[in-house]
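>
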Ligand SMILES: [Zn+2]
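Protein chains in written order, with my numbering: chain X, 328 to 466; chain D, 14 to 318.
1) Checking 7 Å against the spacing of the C-beta atoms, do residue 216 (chain D) and residue 194 (chain D) come in under that value?
2) Should residue 361 (chain X) go down as buried or exposed, given a rule of 16 or more other Cβ atoms within 10 Å for buried?
3) Just curious, the alpha helix (DSSP H) that residue 155 (chain D) is in, first and last residue?
4) Check whether the Cβ of residue 430 (chain X) lies closer than 6 Å to any heavy atom of ligand 1, and answer yes or no.
5) Please list the terminal residues of the continuous alpha helix (DSSP H) segment that includes residue 450 (chain X).
6) In chain D, which residues lie less than 7 Å from residue 465 (chain X) when you measure between Cβ atoms?
7) Take the Cβ of residue 295 (chain D) as the centre, count every other Cβ of all protein chains shown within 10 Å, and call the residue buried at 16 or more, exposed below.
8) Say the cut is 6 Å; is the CB of residue 457 (chain X) nearer than that to a heavy atom of ligand 1?
9) When the Cα atoms are used, what is the spatial distance from residue 134 (chain D) to residue 279 (chain D)?
10) Kindly give me the distance between the Cβ atoms of residue 97 (chain D) and residue 434 (chain X), rounded to whole angstroms, as I take these residues to be in contact under 8 Å.
11) Excluding five sequence neighbours on each side, which residues of the same chain lie with their C-beta closer than 6 Å to the C-beta of residue 289 (chain D)?
12) If you measure beta-carbon to beta-carbon, which residues of the stretch 94 to 106 of chain D are closer than 9 Å to chain X?
13) Buried or exposed: where does residue 33 (chain D) fall if 16 or more other Cβ atoms within 10 Å of its Cβ makes it buried?
14) Going by DSSP in three states, residue 140 (chain D) sits in which element: helix, strand or coil?
15) Which parts of the stretch 344 to 421 of chain X are runs of the alpha helix (DSSP H), unbroken and 4 residues or longer, counting only runs that do not cross its ends?
16) Starting from residue 379 (chain X), find everything on chain D with Cβ-Cβ shorter than 8 Å and list it in chain order.
17) Would you identify the three-state DSSP class for residue 94 (chain D), choosing helix, strand or coil?
18) Please check if any C-beta of chain D sits within less than 7 Å of the C-beta of residue 328 (chain X).
19) Residue 448 (chain X): beta carbon under 6 Å from a heavy atom of ligand 1?
20) So residue 239 (chain D) packs on residue 286 (chain D), CB below 8 Å; how close in whole Å?
21) Beta-carbon of residue 459 (chain X) versus every beta-carbon of chain D: anything under 7 Å?
22) Is residue 440 (chain X) near ligand 3, in the sense that its beta carbon is under 6 Å from a heavy atom of that ligand?
23) Nearest-angstrom Cα distance between residue 51 (chain D) and residue 315 (chain D)?
24) At a cut-off of 6 Å, would you count residue 247 (chain D) as near ligand 1, judging by its Cβ distance to the nearest heavy atom?
25) In whole angstroms, what is the alpha-carbon distance linking residue 28 (chain D) and residue 336 (chain X)?
26) Would residue 395 (chain X) be called buried (16 or more neighbouring beta carbons within 10 Å of its own) or exposed?
27) If you compare alpha carbons, which of D:256, D:269, D:205 and D:260 is closest to residue 231 (chain D)?
28) Nearest-angstrom Cα distance between residue 74 (chain D) and residue 80 (chain D)?
29) Just to confirm the assignment, what range does the beta strand (DSSP E) spanning residue 32 (chain D) have?
30) On a Cα-Cα basis, can you pick out the residue from D:181, D:311, D:252 and D:61 that is closest to residue 206 (chain D)?
31) Return no unless some Cβ of chain D is closer than 7 Å to the Cβ of residue 434 (chain X).
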């Protein structure tokens with residue numbers, strides 16, 4: 328894959344330097360059989376260094392979680408080699424099995440098969456709480 | 014409404030309706046004596062809480078229904094490792110409604126997400142205890158004849174006390190409520206209760222560690238006990254458990270029509286010399302608890318009709 332020329336896919340830009348692999352894992356990009364490129368420590372005008380992830384031949388990935396992981400990320404959607412959309416992913420209302428509740432008094436601490444569900448309770452401050460015990464969760 | 018997991022599940026109108034039904038039950042016991050004939054309540058208590066369980070069971074019996082259940086985790090299927098979700102699906106085949114107490118927070122919600130029959134949260138760890146809050150509201154309504162225009166002192170463990178947080182949340186819906194929050198520094202109300210409930214609803218409140226400082230202003234004094242099971246450190250518990258003891262002397266400046274409440278059981282926080290004072294409402298409060306549970310069972314069982 329020529330990393331500069333993506334035909335139909337996403338360029339996930341302005342990732343905090345060093346965080347690209349974490350995002351790669353959260354998005355489960357390892358499970359894709361299309362091309363994925365990680366660029367580490369690219370030069371950035373704003374922050375000095377940044378990471379970039381490029382995904383080609385795939386427009387179906389759910390990127391909602393990026394808003395939770397790092398709201399400063401920019402996503403470029405590319406169709407037929409052109410940027411058709413540029414956006415900051417929004418905070419998702421609900422996170423399922425993304426972060427685990429760490430409250431030792433929570434039912435999830437003894438029933439391992441329960442899905443870990445966190446809900447956005449304060450968009451302004453990006454506060455997520457466990458659906459079951461309502462404890463605030465941190466990444 | 015199908016379940017009651019959190020007091021926030023109920024609208025103000027629904028709370029008013031429950032209070033009105035409970036009052037009607039108190040005035041017309043016979044009218045309700047057979048309302049739940051042929052129905053069964055299962056009390057699934059994964060941790061013991063005798064008075065809450067008996068209150069639910071008495072409520073169902075007074076409606077003409079029957080009760081079954083267990084009163085601790087080691088006498089139940091949980092001891093064999095069955096999940097809460099599986100248990101309620103099985104019990105739902107035997108009973109028409111379930112009251113669940115569980116030491117882990119969120120367990121009744123997990124149950125409600127899978128259950129075919131209504132689930133009532135009878136307390137989940139330090140998290141929610143909505144029927145206690147309904148009991149408190151009925152008590153206030155019956156004793157003060159209003160739920161607005163009240164100055165409410167809450168004393169004791171304001172940090173871990175779930176009844177306190179729910180009561181503050183519930184009372185914040187009504188007009189002109191003021192709170193006096195009385196606690197030792199270590200057991201002060203958590204910041205999120207101040208920001209998310211009190212400040213958001215523009216409720217006036219003061220914090221103090223002196224039980225007598227605002228005594229003359231109070232319409233209600235809600236005493237709580239410091240619960241051993243909420244502490245990870247024995248020394249902290251021993252140091253704080255007898256921090257406040259309400260006695261006759263401390264009530265000297267209190268209003269004539271003060272209403273003293275306590276979710277019970279008490280340990281030492283109210284001296285027995287207060288029991289004969291006409292302002293002591295805590296034993297009546299326990300009785301109100303049965304009536305509001307009767308109203309709640311009726312409401313939940315009639316949901317689908
Ligand atoms: Zn939790």
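Beta carbons: idealized from backbone N, C-alpha and C, even for Gly.
Nothing here was measured: the structure is a model prediction, and the numbers come from that model.
A quick look at the data gives this:
1) no
2) exposed
3) 143 to 157
4) yes
5) From DSSP, residue 450 (chain X) is part of no alpha helix (DSSP H); its letter is neither H nor E.
6) The premise fails here: residue 465 (chain X) is roughly 14 Å from chain D at the closest Cβ pair, so nothing lies under 7 Å.
7) buried
8) yes
9) 22 Å
10) 7 Å
11) none
12) 96, 97 and 98
13) exposed
14) coil
15) 347 to 353 and 392 to 396
16) The contacting residues do not exist; residue 379 (chain X) stays about 38 Å from chain D at best.
17) coil
18) No answer about residue 328 (chain X) holds up, because its pLDDT of 46 lies below 50 and its placement is not dependable.
19) no
20) With a Cβ gap of about 21 Å, residue 239 (chain D) and residue 286 (chain D) do not count as contacting.
21) yes
22) Summarising the ligand content, the structure contains ligand 1 and does not contain ligand 3.
23) 14 Å
24) no
25) 53 Å
26) buried
27) D:269
28) 7 Å
29) Not the beta strand (DSSP E): residue 32 (chain D) falls in the alpha helix (DSSP H), residues 25 to 40.
30) D:181
31) yes
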